[in-house]
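Colleague:
There are 2 protein chains.
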Amino acid sequence: MPDIPVPDPSPELLQRAAGVRRAAMALGRCDDASRRRAVEAMADALGESAGEIEAANRLDLETAVAEGLAGSLVARLRLDGAKLAGAIAGVRQVAALPDPVGRRQLHTELDEGLVLERLSVPLGVLGVIFEARPDAVMQIASLAIRSGNGALLKGGREASRSCAAILTALRRGLQASGVVDPACLELLTGREEGRALLRLEGLVDLIIPRGSNALVRFIQDNTRIPVLGHADGICHLYVDAAADPQQALRLAIDAKTQYPAACNAIETLLVHQEIAARFLPEAVAALTEAGVELRGDPAACRLGVGRAATEDDWSTEYSDLILSVKVVSDLEAALEHIARYGSRHTDAIATGDAAAAERFLASVDSAGVYWNCSTRFADGYRYGFGAEVGISTGTLPPRGPVGLEGLVTYRYVLRGEGHIAADYADGKRRFRHRPLPL
Amino acid sequence: MPDIPVPDPSPELLQRAAGVRRAAMALGRCDDASRRRAVEAMADALGESAGEIEAANRLDLETAVAEGLAGSLVARLRLDGAKLAGAIAGVRQVAALPDPVGRRQLHTELDEGLVLERLSVPLGVLGVIFEARPDAVMQIASLAIRSGNGALLKGGREASRSCAAILTALRRGLQASGVVDPACLELLTGREEGRALLRLEGLVDLIIPRGSNALVRFIQDNTRIPVLGHADGICHLYVDAAADPQQALRLAIDAKTQYPAACNAIETLLVHQEIAARFLPEAVAALTEAGVELRGDPAACRLGVGRAATEDDWSTEYSDLILSVKVVSDLEAALEHIARYGSRHTDAIATGDAAAAERFLASVDSAGVYWNCSTRFADGYRYGFGAEVGISTGTLPPRGPVGLEGLVTYRYVLRGEGHIAADYADGKRRFRHRPLPL
Chain A
35 MPDIPVPDPS PELLQRAAGV RRAAMALGRC DDASRRRAVE AMADALGESA GEIEAANRLD
95 LETAVAEGLA GSLVARLRLD GAKLAGAIAG VRQVAALPDP VGRRQLHTEL DEGLVLERLS
155 VPLGVLGVIF EARPDAVMQI ASLAIRSGNG ALLKGGREAS RSCAAILTAL RRGLQASGVV
215 DPACLELLTG REEGRALLRL EGLVDLIIPR GSNALVRFIQ DNTRIPVLGH ADGICHLYVD
275 AAADPQQALR LAIDAKTQYP AACNAIETLL VHQEIAARFL PEAVAALTEA GVELRGDPAA
335 CRLGVGRAAT EDDWSTEYSD LILSVKVVSD LEAALEHIAR YGSRHTDAIA TGDAAAAERF
395 LASVDSAGVY WNCSTRFADG YRYGFGAEVG ISTGTLPPRG PVGLEGLVTY RYVLRGEGHI
455 AADYADGKRR FRHRPLPL
Chain B
35 MPDIPVPDPS PELLQRAAGV RRAAMALGRC DDASRRRAVE AMADALGESA GEIEAANRLD
95 LETAVAEGLA GSLVARLRLD GAKLAGAIAG VRQVAALPDP VGRRQLHTEL DEGLVLERLS
155 VPLGVLGVIF EARPDAVMQI ASLAIRSGNG ALLKGGREAS RSCAAILTAL RRGLQASGVV
215 DPACLELLTG REEGRALLRL EGLVDLIIPR GSNALVRFIQ DNTRIPVLGH ADGICHLYVD
275 AAADPQQALR LAIDAKTQYP AACNAIETLL VHQEIAARFL PEAVAALTEA GVELRGDPAA
335 CRLGVGRAAT EDDWSTEYSD LILSVKVVSD LEAALEHIAR YGSRHTDAIA TGDAAAAERF
395 LASVDSAGVY WNCSTRFADG YRYGFGAEVG ISTGTLPPRG PVGLEGLVTY RYVLRGEGHI
455 AADYADGKRR FRHRPLPL
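Those protein sequences? They're chains A and B, same order as listed.
Counting in this note's numbering, the first sequence runs from 35 upward without gaps.
Counting in this note's numbering, the second sequence runs from 35 upward without gaps.
(1) Taking the runs of the alpha helix (DSSP H) that are 4 residues or longer, which of them lie wholly in the segment 226-279 of chain A?
(2) Just checking, does the segment 383-393 of chain B make contact with the segment 269-283 of chain B on the three C-beta pairs under 8 Å criterion?
(3) Could you give the DSSP three-state label for residue 411/A: helix, strand or coil?
(4) Assign residue 99/B to one of two classes, buried (16 or more other C-beta atoms within 10 Å of its C-beta) or exposed (fewer than that).
(5) Is residue 473/A near residue 262/A, with beta carbons less than 9 Å apart?
(6) Determine the chain A residues that contact residue 408/B at a beta-carbon separation under 7 Å, and present them in chain order.
(7) Under 9 Å between beta-carbons, which chain B residues line up against residue 377/A? List them in chain order, please.
(8) How is residue 108/B classed by DSSP in three states: helix, strand or coil?
(9) Looking only at its chain, what residues have a beta carbon closer than 7 Å to the beta carbon of residue 166/A, apart from the 5 residues adjacent to it on each side?
(10) Could you tell me the alpha carbon to alpha carbon distance between residue 283/A and residue 247/A, rounded to whole angstroms?
(11) Measure the alpha-carbon distance for residue 213/B versus residue 184/B and round it to whole angstroms.
(12) Residues in the segment 348-368 of chain B with C-beta within 8 Å of chain A's C-beta atoms, listed in sequence order?
(13) Note down, in chain order, each residue of its chain lying with its Cβ closer than 6 Å to the Cβ of residue 245/B, except the 5 sequence neighbours on either side.
(14) Comparing alpha-carbon positions, which option in 266/A, 289/A, 377/A, 364/A lies nearest residue 410/A?
(15) Let me see if you follow: with CB-CB separation under 9 Å, is residue 50/B close to chain A or not?
(16) DSSP three-state call for residue 446/B: helix, strand or coil?
(17) In the segment 378-399 of chain B, which residues sit with their C-beta less than 9 Å from some C-beta in chain A, listed in chain order?
(18) Which of the three DSSP states, helix, strand or coil, is assigned to residue 465/A?
(19) Count the other CB atoms within 10 Å of the CB of residue 132/B; is the residue buried (16 or more) or exposed (fewer)?
(20) 9 Å is my cut-off, CB to CB: does residue 471/A come that close to chain B?
(21) On the three-pair Cβ rule with 8 Å, is the segment 399-407 of chain A touching the segment 222-237 of chain B?
(22) Going along chain B in order, which residues have a C-beta closer than 8 Å to the C-beta of residue 431/A?
(23) Is DSSP giving residue 35/A helix, strand or coil here?
(24) What residue from 81/A, 176/A, 163/A has the CA that sits closest to residue 188/A's CA?
(25) Compute the Euclidean distance between the alpha carbons of residue 450/A and residue 150/A, then round it to the nearest angstrom.
(26) What is the rounded straight-line gap between the Cα of residue 116/A and the Cα of residue 84/A?
(27) Looking only at its own chain, which residues have a Cβ that is under 7 Å from the Cβ of residue 253/B, when we skip the five neighbours before and after it?
(28) Under the assumption that residue 144/B contacts residue 418/A (Cβ atoms under 8 Å), give the Cβ distance between them as a whole number of angstroms.
(29) Within the 9 Å Cβ cut-off, does residue 57/A reach chain B?
(30) Find the residues of chain A that neighbour residue 45/B, judging by a C-beta separation of less than 8 Å, and give them in chain order.
(31) Please compile the residues from chain A whose C-beta is within a distance smaller than 9 Å of the C-beta of residue 404/B.
(32) Near residue 434/B, which residues of its chain fall below 7 Å by C-beta distance, leaving aside the five closest residues on each side in sequence?
(33) Starting from residue 224/A, trace the beta strand (DSSP E) both ways and give me its first and last residue.
(34) Do residue 398/B and residue 152/B have their C-beta atoms closer together than 9 Å?
(35) In chain order, which beta strand (DSSP E) runs of at least 3 residues are fully inside the segment 118-176 of chain A?
(36) Using a Cβ-Cβ cut-off of 9 Å, state whether residue 240/B counts as contacting chain A.
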C-alpha cells in the first residue's frame with residue numbers, strides 16, 4: 035500500500051468538500067434539540083429504507099462471494115435484518131447522548147466588562163475511511179451530526195452499493211428533519227477520491243480510519259490532517275512477583291481470549307522470575323486448553339512454553355489466539371520491555387504489592403495503565419462515554435478510547451466594552467483574572 | 035528553506051535523544067515540590083553564571099555584527115544585564131506556577147472495585163527550535179522542567195555561544211537541585227542536528243518552534259511530530275453597521291499599532307457599507323496619523339484610502355504598520371471574507387447590535403472570536419494562564435494561546451480486583467458508571 039501515490043484532489047472533489055464545509059458551518063450553529071432531532075430522523079429514514087439497504091447489501095455480498103473475498107470480510111460486509119436493526123438502534127442511542135457542543139470549559143473576568151469564555155465547538159468536517167463494514171457508516175455519520183460536524187465518507191469498494199443505499203437514507207432523513215442540510219454528508223466513491231481525501235487540508239479537520247492496521251498506517255503516513263486512531267495495539271500483562279497466581283491467570287485468559295482480534299487484547303505476557311515456576315506451568319496448561327498458541331523466551335520455554343519466540347514476536351500484534359511469553363528479572367525489566375516493544379495502548383500489572391503497582395502505573399507511558407484488571411476494558415462504552423469514536427495511541431490528547439468529545443474542539447470568546455491592550459501596557463488598567471462560575 | 039533536505043538522525047543523536055527520554059521518564063515521576071525546586075535551582079544557577087552568559091553573548095554579538103546580521107536580529111540576540119535579570123525573574127515565575135501534572139480530570143466507578151481515573155501527565159520530551167533569541171531558551175527550559183518534560187533545544191547559529199552558556203548553567207542548576215537529572219536538557223548544535231530533530235518520532239513528543247513564519251511553516255511541512263504553533267496570524271476587525279465609530283476606531287488603532295509585529299495584530303479592516311461613509315474618512319486620517327499605511331478595495335479608496343489593495347493583500351501578514359481595508363455589503367460578506375482569507379487566529383467584531391455580535395461569534399471558526407475588544411488580548415498572560423507556550427491556529431486542541439496545560443497529556447488509570455471483561459459480556463456483571471468526586 036505505501037507505494038500507491040496520493041493524487042491531488044480534483045476540482046470536483048474540492049467543490050464537494052467545500053459544499054460539505056459550508057453546510058457543516060450552518061450545522062455547527064444548530065442547537066442541541068435540532069441536532070438530536072436530525073439524528074432521530076436519520077434513524078427513521080434508515081428504518082423506512084431497510085428493504086433497499088438489505089437489497090443493495092445482497093448485491094454487494096454476491097459480488098464479494100463471486101470475487102472470492104475472504105470469509106471474515108464477507109461476514110463483516112453482511113448487513114441482514116438483525117444487524118441493520120441493531121445499527122439503527124445504535125443511531126437512536128447516539129441521538130440520546132448528551133450534547134458535547136457549547137460546554138463552557140473556562141470562564142474568567144479578565145477585567146471589569148471584559149469576560150473570557152472557552153466553549154466547545156464542532157471540529158468542522160470529518161473525513162472517514164472504512165474497509166468493508168457498512169454498519170460503521172451509520173454509526174460515524176450519526177456521531178458526526180450529533181456533534182455538529184459534516185462528514186466525507188469513503189467506504190470500501192466491496193461495500194459500495196450498501197454504502198450508497200445507506201447514505202441515500204441518511205440524507206433523506208436529514209432532509210425530512212427540516213433542520214439540517216443533507217449536504218452535510220457526502221459519500222466518496224472510487225480509490226482515487228478516497229486517497230485524494232487525504233489531501234483536503236483546510237477542508238477536512240480530522241481523518242477517522244476504520245479498518246486494518248495497514249490501512250491506518252498508510253493514512254497516517256500520507257496526510258497532514260490529524261488522524262484519530264491507532265495502527266498497533268501491542269498490550270502487555272505483567273505478572274509481578276507478588277501477584278495472586280489464580281487471579282493473574284484469569285486476567286491473562288480474559289485479556290487474550292475474550293476477543294483476540296481486538297486491539298486491547300494482550301500480545302505478550304511478562305512474568306517475574308520469582309513467580310514464574312509457580313505461575314507458568316499452570317498458565318501454559320490453561321492457555322493451551324483455551325486454544326492459545328504460546329511462544330516463549332528460553333526461560334519460559336523451560337517452564338513449559340512449547341515454541342521459541344523470535345525477536346519479531348515481541349513487536350507483533352497477532353490479533354489471534356497467539357501469545358508471546360517472557361520471564362523478566364524484575365519490575366524494572368518489565369517496564370523496559372514495555373517501553374521498547376509496546377505501542378502505548380494499554381498495559382496491565384497483576385500484583386498484590388501496592389508499591390509495585392503504583393510504580394508501574396506511574397512509569398508506563400501508555401494511554402491506559404491498569405492494575406489487577408483485564409486490558410479488554412479499554413473501550414469507550416466500558417469507560418462510560420456512551421460511544422467510541424476511536425482509540426488513539428498518540429501522545430497528545432485525545433488519547434485512549436475517545437468518545438464524542440473527540441469530535442469537538444473549543445473557541446475562546448472574549449466580550450468587551452471597547453477594551454484595548456494599550457491601557458494594560460501603559461498601566462492605566464490592570465487585569466483581574468477573576469474566575470467566574472462555569 | 036523548503037528545498038533543504040531533512041537528514042536521518044545520526045546514531046549519536048538517537049542515543050542522546052534516548053538519554054533525554056530516560057531522564058524525562060524519571061522527571062515525570064517527581065512530585066510538584068521537586069520540580070518546583072529544580073526550576074528555582076535553575077534560576078539560582080543562571081544568576082551565578084550571569085558573567086559567563088553575558089560574556090558569551092558579547093562574542094555572539096561581535097560575530098553577528100561582523101557578519102552583517104540585520105539590526106532587528108542583533109537586538110533580539112542581545113542579552114545584557116537587564117534582559118538577563120528579567121529572564122531569570124521569568125524562570126522564578128515559572129517555578130511558582132500551579133502544577134499542571136497529576137490533575138484528576140475524570141473519576142468514575144465502572145463497577146464495584148473497578149475505578150477509572152484520568153490523570154494529567156507530562157508529554158515526555160519537547161523538541162524546541164529557536165531563531166536568535168537566547169532568552170527563549172531559559173523560558174522554554176523552565177516550562178519544560180516545571181511540567182515534568184525533558185527537552186532537546188536547538189538555538190540559531192548566531193546565538194550558539196549564548197545558548198551553550200545558558201544550557202551549562204541550567205544543567206548545573208538541575209545538578210545542584212539534587213532531584214532532577216541534568217540529562218533532561220540537551221542542546222543540539224549544527225544545522226544537520228537541528229533538522230534531524232524533526233525525524234525523532236517516538237523520542238520527541240511535541241515540536242515547539244520559536245521564530246519566523248517561514249521557520250514554522252518549514253517545520254510543519256517536514257515532520258510527523260505534532261507542532262505547537264502557527265505560521266500565519268491574519269486577524270480581522272469587522273466594523274459592523276451598528277458599531278460605535280469612535281470605539282471601533284480606538285479598537286482598530288490598538289489592534290494595528292500597539293505592537294504591529296505581533297501575530298494577534300490585525301492585518302485587515304472590514305467595514306460595513308452602511309457605516310463606511312461615516313467611519314472611514316476619520317479612520318483613514320487617524321490611522322495615517324498613527325503611521326499606518328492603508329491599502330483598500332475600490333470602495334475604501336473612494337472614501338480616502340490612498341493605495342489600491344491587490345488580491346495578495348487579503349492573505350498577507352504584514353507584521354508591520356500596514357493595513358488592508360475592505361468595504362463589505364453586510365455581516366455575511368464579512369464572514370465569507372474571514373473564512374476565505376483568515377488564518378483562524380483571532381477575529382473581532384465592533385458593534386452595538388447583540389444579534390450581529392452573536393452571529394459573528396458563532397460563525398467565525400477561529401481560535402479567538404471577540405466582540406468590542408482588541409485582538410491584541412489573544413495572549414496566554416492576558417488570558418490569565420501565567421505563561422504562554424505558544425499560540426496554535428490548528429483546529430484540534432490545544433488551540434489559541436496555550437499555557438502549561440499544552441505541555442501535558444493524560445493517562446487512564448484503571449484499578450480493579452481481578453475484574454475481567456467476559457463477566458460483563460456474559461451479563462454476570464453490569465457496569466455502574468457512577469461519577470466519583472474529582
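Even for Gly, the Cβ is constructed at its ideal location relative to N, Cα and C.
Values in this document were obtained by computation on a predicted structure and should not be read as measured data.
Modeller: Concretely, from the data shown:
(1) 247-255
(2) yes
(3) For the purposes of this step, residue 411/A is taken as the residue at position 377 of the first sequence. Reduced to three states, the DSSP call for residue 411/A is helix.
(4) The count along the second sequence starts at 1 and reaches residue 99/B at position 65. Residue burial is scored here from C-beta neighbours: residue 99/B has fewer than 16 other C-beta atoms within 10 angstroms and is therefore classed as exposed.
(5) The structure shown does not extend to residue 473/A, since chain A is modelled only from 35 to 472, so the question has no answer here.
(6) Translated into positions along the second sequence, residue 408/B becomes position 374. Per Cβ cutoff of 7 Å: 453, 454, 455.
(7) By 1-based counting over the first sequence, the position of residue 377/A is 343. Near residue 377/A there are no residues of chain B at all, since even the closest Cβ is about 11 Å away, more than 9 Å.
(8) The count along the second sequence starts at 1 and reaches residue 108/B at position 74. Correct three-state label for residue 108/B: helix.
(9) What you label residue 166/A is simply residue 132 of the first sequence in a count that begins at 1. Within the same chain, residue 166/A has close Cβ partners 107, 110, 111, 190, 192, 193.
(10) Numbered from 1 along the first sequence, position 249 holds the residue referred to as residue 283/A. Numbered from 1 along the first sequence, position 213 holds the residue referred to as residue 247/A. The straight-line gap from Cα to Cα measures roughly 28 Å.
(11) Numbered from its first residue, the second sequence carries residue 213/B at position 179. Numbered from its first residue, the second sequence carries residue 184/B at position 150. So the alpha carbons of these two residues sit roughly 14 Å apart.
(12) none
(13) Here residue 245/B refers to the residue found at position 211 of the second sequence. Listed in chain order, the non-local C-beta contacts of residue 245/B below 6 Å within the same chain comprise 165, local neighbours out to five positions each way being set aside.
(14) In the first sequence, counting from the first residue as 1, residue 410/A sits at position 376. Among 266/A, 289/A, 377/A, 364/A, the Cα nearest to that of residue 410/A is on 289/A.
(15) As a first step, residue 50/B is located in the second sequence; it is residue number 16 there, counting from the start. Not one chain A Cβ lies under 9 Å of residue 50/B.
(16) Position 412 of the second sequence, counted from the first residue, corresponds to residue 446/B. It is a strand residue.
(17) 380, 382, 384, 391, 393, 395, 396, 397, 398, 399
(18) Position 431 of the first sequence, counted from the first residue, corresponds to residue 465/A. Looking at residue 465/A - three-state DSSP - the assignment turns out to be coil, as it is neither helix nor strand.
(19) By 1-based counting over the second sequence, the position of residue 132/B is 98. Burial call: exposed.
(20) By one-based count along the first sequence, residue 471/A stands at place 437. Chain B, which has no Cβ nearer than 9 Å to the Cβ of residue 471/A, makes this no.
(21) no
(22) Here the question's residue 431/A lines up with position 397 in the first sequence. Near residue 431/A (Cβ distances below 8 Å), the residues of chain B are 431, 443, 444.
(23) Counting from one through the first sequence, the residue named residue 35/A turns up at place 1. Residue confidence is low: residue 35/A scores 43 on pLDDT, short of 50, so the model does not pin down where it sits. No coordinate-derived value is stated.
(24) If you number the first sequence from 1, residue 188/A lands on position 154. Per the Cα distances, 163/A.
(25) Locating residue 450/A in the first sequence gives position 416, counting from the first residue. Locating residue 150/A in the first sequence gives position 116, counting from the first residue. When rounded, the distance between both Cα atoms is 9 Å.
(26) Within the first sequence, residue 116/A is the residue found at index 82, counting from 1. Within the first sequence, residue 84/A is the residue found at index 50, counting from 1. Answer to the nearest angstrom: the Cα atoms are 11 Å apart.
(27) In the second sequence, residue 253/B corresponds to position 219, counting from 1. Once the five neighbours on either side are set aside, the close Cβ partners of residue 253/B are 163, 232, 241, 243, 261.
(28) In the second sequence, the residue the question calls residue 144/B occupies position 110. In the first sequence, the residue the question calls residue 418/A occupies position 384. 7 Å between Cβ atoms; contact.
(29) Numbered from its first residue, the first sequence carries residue 57/A at position 23. No, no contact with chain B.
(30) Position 11 of the second sequence, counting from 1, holds the residue named residue 45/B. Chain A residues near residue 45/B: none, gap ~17 Å exceeds 8 Å.
(31) Within the second sequence, numbered from 1, the residue matching residue 404/B stands at position 370. The contacting residues are 446, 447, 448, 449, 450.
(32) Numbered from its first residue, the second sequence carries residue 434/B at position 400. Within the same chain, residue 434/B has close Cβ partners 401, 402, 412, 425, 426.
(33) Sequence index remark: in the first sequence, residue 224/A carries index 190 (1-based). Run containing residue 224/A: none; DSSP gives neither H nor E here.
(34) One-based indexing of the second sequence puts residue 398/B at position 364. One-based indexing of the second sequence puts residue 152/B at position 118. Taking 9 Å as the Cβ cut-off, residue 398/B and residue 152/B do not qualify as a contacting pair.
(35) 138-145, 148-156, 159-164
(36) To locate residue 240/B, count along the second sequence from 1; it is residue 206. By this cut-off, residue 240/B is an interface position.
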